[in-house]
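Student:
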Amino acid sequence: MRSQFERRDFLKLAGLGGAVLASGLGPWGRAMAAAGQDFSFVQMTDTHWGFEGPPNPEAHNTLRKAVAAVNSLDHQPDFIMFTGDLTHAASDDKERQRRMEEFKSIVGELKVKDVRFIPGENDAGLDNGEMYKHIFGDGFYSFDHKGVHFVALDNVSDPNGLIGEKQLEWLHADLAKFDKSAPVVVFAHRPLFDLYPQWDWATKDGAKAIDILTPYQNTTVFFGHIHQEHHEMTGKIAHHAAESLIFPFPLAGSQPKRTPVPWDAAHPFKGLGYNAVAEHAGTGKPTTHPLA
4 MRSQFERRDF
14 LKLAGLGGAV
24 LASGLGPWGR
34 AMAAAGQDFS
44 FVQMTDTHWG
54 FEGPPNPEAH
64 NTLRKAVAAV
74 NSLDHQPDFI
84 MFTGDLTHAA
94 SDDKERQRRM
104 EEFKSIVGEL
114 KVKDVRFIPG
124 ENDAGLDNGE
134 MYKHIFGDGF
144 YSFDHKGVHF
154 VALDNVSDPN
164 GLIGEKQLEW
174 LHADLAKFDK
184 SAPVVVFAHR
194 PLFDLYPQWD
204 WATKDGAKAI
214 DILTPYQNTT
224 VFFGHIHQEH
234 HEMTGKIAHH
244 AAESLIFPFP
254 LAGSQPKRTP
264 VPWDAAHPFK
274 GLGYNAVAEH
284 AGTGKPTTHP
294 LA
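Here it is, written out as C-alpha cells:
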C-alpha cells in the first residue's frame, strides 16, 4: 500500500464488513508496509442469525451470501472477526443454542480458518454470556498478528451494559506490556463512546476504556451494533463501525424510535455489501463487492 491514500480510503466498512490492509490504519501501518508486513482482515457484524420477518425477507440467505462473497475474494484475508450479534436473541434456551450452533456451522464454510468472535447483546444478554462462552469461547481476549496487538472486548454480557472493572483491569494490564507507540486494534460490539445513548448506542463505562487506550498513540477501534457505517474520533483514536448483515438502522436521532430501515424491493440488498482493500500492483485501490 502507498501513503498517498488517506485513512478514510482504507476504512470504508460496509454491510459484510471491510477487508482492511493494516498499512491503511495510520502511520504505524505505513511503517509496517515499508517492512513488508502488509496484511488484511475482514470484519463482519450483526448477522442476527435466526431473525425472521420484515424488513429482510432474505434473512435465511444473507449470511450464506456473505460467506460466499468473502470466499470469492481474490486475496483472502489473514483472519476474520465477527463483532457481535452473531445470532438473534431467543428466550428459549434450546432455540438459542440451535441458532448459535447453526451460525457456527455456516461460517465454518469460510475458506479462512482463523475466524474469531465477540458477543453482542443478542448473544449474551440473557445469561451473562454463559451459553456464548460454552459455544464460542471467552468474550474478551487479545492476540498478536504481524506486529499488531489486537484486543477483543466484551461490552454486552454485563446486564448493566458495562465492560466492568475486572475486564478494565485486564485491559490495562494487557496493554501495559507494550510501548505507547505500539499499534493497537480494538474490537467491540457497542461503541465505546456515547454515539446515541437514547438508542443504547454507547457503553456506560466506555470512557474508562478510552482513557486506558488514549496513551497508546496508534489505536483503532472497530465496532458494530448500530447497523450502519460510522467513523468517529476520540482524541487520536479512530472508531469505525461496519453495517449489519441483516438490515440497516436509520441515522441516530433521525426518527423517534430505533426501527429498521424498510426493505427496498427495487434494491433488495441496499446497505448490505462490503469494500475490500487489496494490493493491486502496489496501487492499493479499493474494490467494492455488493452482496446482490
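Once you know that position 193 of the sequence shown is 196 in the numbering used here, the rest is easy, because the numbers rise by one and skip nothing.
Every residue gets a Cβ at the ideal spot worked out from N, C-alpha and C, and that includes glycine.
All of these numbers come straight from a predicted model, not from anything done at the bench.
Quick one: what's got a C-beta closer than 7 Å to residue 202's C-beta in the same chain, skipping five residues either side?
Tutor: Stepping through the sequence shown from its first residue, residue 202 is reached at position 199. Contacts found: 255, 261.
Student: If you reduce the DSSP assignment to three classes, tell me which class residue 230 lands in.
Tutor: For this step, residue 230 is matched to residue 227 along the sequence shown. The answer is coil: DSSP assigns residue 230 none of H, G, I, E or B.
Student: Could you spell out the range, first to last residue, of the beta strand (DSSP E) harbouring residue 85?
Tutor: Here residue 85 is taken as the residue at index 82 of the sequence shown, counted from 1. It spans 82 to 86 - the beta strand (DSSP E) in which residue 85 sits, taken as one unbroken run.
Student: If you count every other CB in all the chains shown that lies within 10 Å of the CB of residue 163, and 16 or more means buried, which is it?
Tutor: As a working mapping, residue 163 is identified with position 160 in the sequence shown. By the neighbour-count rule (16 or more Cβ atoms within 10 Å), residue 163 is not buried but exposed.
Student: May I ask you to verify whether the stretch 110 to 118 touches the stretch 131 to 142, counting CB pairs closer than 8 Å and requiring at least 3?
Tutor: Touching, no, given that fewer than three Cβ pairs across the two stretches are closer than 8 Å.
Student: Quick one, are the C-beta atoms of residue 152 and residue 187 less than 8 Å apart?
Tutor: Locating residue 152 in the sequence shown gives position 149, where the first residue counts as 1. Locating residue 187 in the sequence shown gives position 184, where the first residue counts as 1. Yes, the Cβ-Cβ distance between residue 152 and residue 187 is below 8 Å.
Student: For residue 115, which of helix, strand or coil comes out of DSSP?
Tutor: Sequence index remark: in the sequence shown, residue 115 carries index 112 (1-based). Coil at residue 115, not helix or strand.
Student: Starting from residue 70, follow the alpha helix (DSSP H) in both directions and report where the run begins and ends.
Tutor: Within the sequence shown, the letter at position 67 stands for residue 70. Element bounds for residue 70: 62 to 74.
Student: Looking only at C-alpha atoms, which of 84, 216, 159 sits nearest to residue 176?
Tutor: Sequence index remark: in the sequence shown, residue 176 carries index 173 (1-based). Ranking 84, 216, 159 by Cα distance to residue 176 puts 216 first.
Student: Report the option in 90, 95, 125, 124 whose CA atom is closest to the CA atom of residue 110.
Tutor: The sequence position of residue 110 within the sequence shown is 107, counting from 1. Cα-wise, what sits closest to residue 110 is 90.
Student: So what does DSSP say about residue 241, is it helix, strand or coil?
Tutor: For the purposes of this step, residue 241 is identified with residue 238 of the sequence shown, where counting begins at 1. Looking at residue 241 - three-state DSSP - the assignment turns out to be strand.
Student: One question on the structure: do residue 130 and residue 88 come within less than 8 Å of each other, judged by their Cβ atoms?
Tutor: For the purposes of this step, residue 130 is taken as the residue at position 127 of the sequence shown. For the purposes of this step, residue 88 is taken as the residue at position 85 of the sequence shown. Contact flag unset, no.
Student: Do you know offhand how far residue 270's Cα is from residue 63's?
Tutor: Counted from its first residue, the sequence shown places residue 270 at position 267. Counted from its first residue, the sequence shown places residue 63 at position 60. In a straight line, the C-alpha of residue 270 is about 18 Å away from that of residue 63.
Student: For residue 230, count the other beta carbons within 10 Å of its own beta carbon; 16 or more makes it buried, fewer makes it exposed. Which is it?
Tutor: The residue you call residue 230 lines up with position 227 of the sequence shown. Flag for residue 230 reads buried.
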